[in-house]
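In my numbering, each residue carries its 1-based index in the sequence shown increased by 9. Just so you know, even glycine gets a beta-carbon here, dropped at the ideal spot from N, CA and C.
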Amino acid sequence: MKFPSRVLIPALLLAALTAFAQEAPQQALEAANAVYTGGDYPAAAEAYETLLRDYPTSTIVPNAQVQLAFSYYLSGENQKSLDILGKFLTGPPAGAELGELAALLQPQALSALAASLKADDPARKTNYEEAVKQFAAFIEKYPQSAEVESALYGSAIASFQLGDYAAAQTALETSLKRFPNSPGILDSQNLLALIFATEGSKMLGKEDADQQAAFALYAKSAGLLGAIIEKKTDLALVNAAQFQLGEILLSEAAFAPDDRKAALLGQARNAFRGVLPKETVVALQKEKINR
């Protein structure tokens with residue numbers, strides 16, 4: 010009658026070992042996540058790499074891969090981030106949420122990689138173009154995602170860098186229309202203002218410049234910047250908008266007729282006077298946070 014216990018003991022041992030085998034990777038993942046949450050992204054990347062080496066067949070591998078890709082991206086190691094994402098996307102099917110995160114991170118990493126390259130490097134243009142395609146693919150696949158606004162903004166930045174101002178404008182105007190109450194609306198307005206100003210300046214640089222059309226673009230830019238300044242919700246952005254507004258007014262004054270030149274120069278001076286030193290902006294931001 011002792012036989013059952015002799016059979017039972019190995020079964021209990023096997024269950025304990027199985028539980029330990031399942032717990033160890035999870036504990037390693039939680040430890041790596043804690044490092045990531047602490048903001049030490051290079052150390053987090055090392056922790057995730059170790060986890061993937063130690064537990065290559067664990068069910069937490071897809072999660073660790075995505076977290077590793079984010080760690081590399083936030084460390085500025087964009088190519089490594091893309092390499093890990095490639096492994097994730099070609100690996101076994103993962104959860105929908107992980108797939109969505111990876112699908113958005115990939116074009117972001119491509120854009121960041123492109124931005125790190127020299128202007129004459131052909132790979133810069135190629136990476137931006139691929140980023141635009143992948144942002145569009147994300148929006149098409151996840152039209153109800155909470156990250157669609159981020160995808161539209163990312164697409165606008167990549168398009169702007171490619172000199173495709175029309176595509177950048179379309180993306181931003183779509184975002185502003187779809188997410189009118191979003192906290193990110195000011196960033197979209199600021200980028201759209203930059204696009205209008207850039208288009209206006211390029212127009213004025215031509216021999217047969219249509220000054221009225223260029224001034225109209227400057228007016229659109231100034232209107233958006235004025236709205237950012239008036240809201241005063243993001244002091245750093247307000248400061249940048251003040252400076253950008255001064256630049257626009259100064260540029261317009263250089264081409265404006267004499268009867269408008271003095272007024273534009275005066276407005277430009279006022280805008281520049283509203284620009285606060287960096288140290289002041291940082292102090293005000295800290296004060297706002299501590300309230």
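**Message:** Are the CB atoms of A132 and L161 within a distance shorter than 8 Å?
**Reply:** By one-based count along the sequence shown, residue 161 stands at place 152. By one-based count along the sequence shown, residue 132 stands at place 123. Not closer than 8 Å, so no.
Next on the checklist: By the DSSP assignment, the alpha helix (DSSP H) with L77 in it spans what residues?
Outcome noted: As a working note, residue 77 is residue 68 in the sequence shown. It spans V70 to L83 - the alpha helix (DSSP H) in which L77 sits, taken as one unbroken run.
**Prompt:** Does DSSP put A262 in a helix, a strand or coil?
**Reply:** Taking the sequence shown and counting its residues from 1, the one referred to as residue 262 is at position 253. Helix at A262.
* Asked: If you count every other CB in all the chains shown that lies within 10 Å of the CB of L98, and 16 or more means buried, which is it?
  -> As a first step, residue 98 is located in the sequence shown; it is residue number 89 there, counting from the start. Exposed, since its Cβ has fewer than 16 Cβ neighbours within 10 Å.
_Secondary structure of V284, DSSP reduced to three states_ = Looking up residue 284 in the sequence shown gives position 275. Coil.
task = Can you grab the Cα-Cα spacing for the pair N42 / L77, in whole Å?
result = Counting from 1 along the sequence shown, the entry for residue 42 is found at position 33. Counting from 1 along the sequence shown, the entry for residue 77 is found at position 68. Taking the straight line from one Cα to the other gives about 10 Å.
message: If the criterion is Cβ atoms closer than 8 Å, does the pair L203 and I194 meet it?
response: For this step, residue 203 is matched to residue 194 along the sequence shown. For this step, residue 194 is matched to residue 185 along the sequence shown. In this structure, I194 does not lie closer than 8 Å to L203 by Cβ.
request  = Could you pull out every residue in the same chain whose Cβ sits closer than 7 Å to the Cβ of V247, ignoring the five residues on either side in sequence?
outcome  = Reading the sequence shown from its first residue, position 238 is the one you call residue 247. Only I237, I238 and K241 meet the Cβ criterion.
* Contact check, L171 vs K127 under 8 Å by CB: the rounded distance? -> Taking the sequence shown and counting its residues from 1, the one referred to as residue 171 is at position 162. Taking the sequence shown and counting its residues from 1, the one referred to as residue 127 is at position 118. Contact doesn't hold; Cβ gap of about 15 Å is too wide.
Legend entry - Nearest residue (CA-CA) to K9, options E208, E216 and K215: No statement about residue 9 is possible, as the shown extent of the chain runs from 10 to 300 and does not include it.
Consult DSSP for Y151 and reduce its assignment to one of helix, strand or coil. In the sequence shown, residue 151 corresponds to position 142, counting from 1. In this structure, Y151 counts as coil in the three-state DSSP scheme.
- Message: Quick check: the Cα distance between Y137 and A222, rounded to an integer number of angstroms?
- Response: As a first step, residue 137 is located in the sequence shown; it is residue number 128 there, counting from the start. As a first step, residue 222 is located in the sequence shown; it is residue number 213 there, counting from the start. Roughly 29 Å between the two C-alpha positions.
Next on the checklist: Among the candidates D219, Q220 and A231, whose CA atom is the shortest distance from the CA of Q198?
Outcome noted: If you number the sequence shown from 1, residue 198 lands on position 189. Of D219, Q220 and A231, the residue nearest in Cα terms is A231.
Please classify L91 as buried or exposed, where buried requires at least 16 other C-beta atoms within 10 Å of its C-beta. Locating residue 91 in the sequence shown gives position 82, counting from the first residue. L91 comes out buried.
Anyone know if the C-beta pair for G283 and Q251 falls short of 8 Å? The residue given as residue 283 occupies position 274 in the sequence shown. The residue given as residue 251 occupies position 242 in the sequence shown. In contact: G283 and Q251 (Cβ atoms closer than 8 Å).
Using the rule of at least 16 other Cβ atoms within 10 Å of the residue's Cβ for burial, across every protein chain shown, is A56 buried or exposed?
-> The count along the sequence shown starts at 1 and reaches residue 56 at position 47. Flag for A56 reads buried.
Check this for me: beta carbons of E156 and L113, under 8 Å apart or not? Residue mapping note: residue 156 aligns to position 147 of the sequence shown, counting from 1. Residue mapping note: residue 113 aligns to position 104 of the sequence shown, counting from 1. Contact flag set, yes.
query: By a C-beta neighbour count over all protein chains shown, 10 Å radius and 16 as the cutoff for buried, is G163 buried or exposed?
result: Looking up residue 163 in the sequence shown gives position 154. Its Cβ being crowded by 16 or more others within 10 Å, G163 is buried.
Requested in this report: For the segment 181 to 218, list the alpha helix (DSSP H) runs that are entirely contained and at least 4 residues long, ordered along the chain.
Outcome: 194 to 213
- request: Pull up the CB-CB distance for N72 and L119, whole angstroms please, since I reckon it's below 8 Å.
  value: Residue numbering aside, residue 72 sits at position 63 when the sequence shown is read from its first letter. Residue numbering aside, residue 119 sits at position 110 when the sequence shown is read from its first letter. About 22 Å; that fails the 8 Å criterion.
Inset, instruction - Can you have a look at G255 and say buried or exposed, based on whether 16 or more other CB atoms are within 10 angstroms of its CB? - result: Looking up residue 255 in the sequence shown gives position 246. Classification for G255: buried.
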